[in-house]
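Heads up: the sequence shown is residues 149 to 254, going by the working numbering.
Even for Gly, the Cβ is constructed at its ideal location relative to N, Cα and C.
Down below is the structure, laid out as structure tokens.
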Amino acid sequence: MHAGTLKFASLFSGCGGFDLGFINQGFQPIGAYDCNQDAVDNFKANINDDIFNVDLTNGVPNERILSKIDALIAGPPCQGFSTAGKRRVDDERNHLLTLTGHLAKR
């Protein structure tokens with residue numbers, strides 16, 4: 149299968165750095181998600197308008213998009229468990245790593 153025929157979505161997309169790497173390899177982006185408006189605005193300037201400004205703590209609002217992709221890329225927040233931070237077990241963002249794994253299995 150040629151990379152140009154492969155579609156991907158991204159979670160915690162930020163300004164689109166991971167996405168840009170996949171696009172440069174010929175993958176086709178079909179959706180991105182981030183909760184930071186500045187990041188969303190940068191993504192739109194760098195990549196395209198196919199980004200949703202949503203908080204993913206309750207899941208992906210449009211999960212049907214996941215059935216249309218060949219790859220899922222994600223950069224979930226790591227502040228709650230990173231050795232560079234306070235490593236708070238109760239940080240609500242920690243479960244987003246689990247959510248990412250759950251969605252990748254689909």
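Residue 179 places its beta carbon less than 9 angstroms from that of residue 217.
Fully enclosed alpha helix (DSSP H) runs of no fewer than 4 residues occupy 185–194 of the segment 173–202, in order along the chain. Counting C-beta atoms within 10 angstroms of its own C-beta, residue 186 has fewer than 16 neighbours from the protein chains shown and is therefore classed as exposed.
Per DSSP, the unbroken beta strand (DSSP E) holding residue 155 starts and ends at 155–159.
By the CB criterion at 9 angstroms, residue 221 and residue 195 fall outside the cutoff. Taking all protein chains shown into account, residue 161 has 16 or more neighbouring C-beta atoms within 10 Å of its C-beta and is therefore buried.
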